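> If you're matching positions, the sequence shown starts at 36 in our numbering and goes up one per residue.
Yeah, the Cβ is synthetic: ideal placement off N, Cα and C, and Gly gets one too.
Quantities reported herein were computed from a predicted structural model and do not represent experimental measurements.
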Amino acid sequence: MRLALTAAALTALATTCVADSAGVFRACYGKYYTEPCEAQAVWFTDGNNHGIGNFNGGCRTDGLPPHMQELCIDWGKTRLHFRFTGQGKRYMIGRSNRRVGDFCPGRSYGCELHVWEEVGCSW
């Protein structure tokens, strides 16, 4: 249910994007929204959205969109990289984040919406 709400809320953001993009609702439980955090991600590619689910950082190879082989997120540096079958590594940075009210979809605490966009760099 939460991913469906997340996808619906972010679809409008993706309609103007030509390249891949991602949206992440991130809720942190500590004082002033500090660690520990929980992130629910949605990936936009080829006009479709794919719920990735809980993604707090590091790398993963399961539960990814079709043909994506790896996704790694570094919250501290606000960047990520990913790889699709037959492609080299591609990169994104966090373009914006904003508080989206007192309640995250499906939760009873505040959260932020982070929007990530593809960039042409390497690290």
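Candidates 126, 133, 132 and 146: which alpha carbon is nearest residue 153's?
126
> Kindly indicate the opening and closing residues of the beta strand (DSSP E) around residue 148.
147 to 154
> Quick one: is residue 108 buried, meaning 16 or more other Cβ sit within 10 Å of its Cβ, or exposed?
buried
> Can you tell me the Cα-Cα spacing of residue 93 and residue 114, whole angstroms?
11 Å
> Please state whether the Cβ-Cβ distance between residue 118 and residue 124 is less than 8 Å.
yes
> Give a yes or no on whether the C-beta atoms belonging to residue 75 and residue 88 are separated by under 8 Å.
yes
> Over what stretch of residues does the beta strand (DSSP E) that includes residue 92 continue unbroken?
Note, residue 92: premise wrong, no beta strand (DSSP E); not H, not E.
> Quick one: residues in its chain with C-beta nearer than 7 Å to the C-beta of residue 156, no 5 flanking neighbours on either side, listed in chain order?
Within the same chain, residue 156 has close Cβ partners 126.
> To the nearest angstrom, how far is it from the Cα of residue 130 to the Cα of residue 151?
5 Å
> By Cβ distance, which residues of its chain are closer than 6 Å to residue 59, with the 5 residues on each side in sequence left out?
74, 76 and 149
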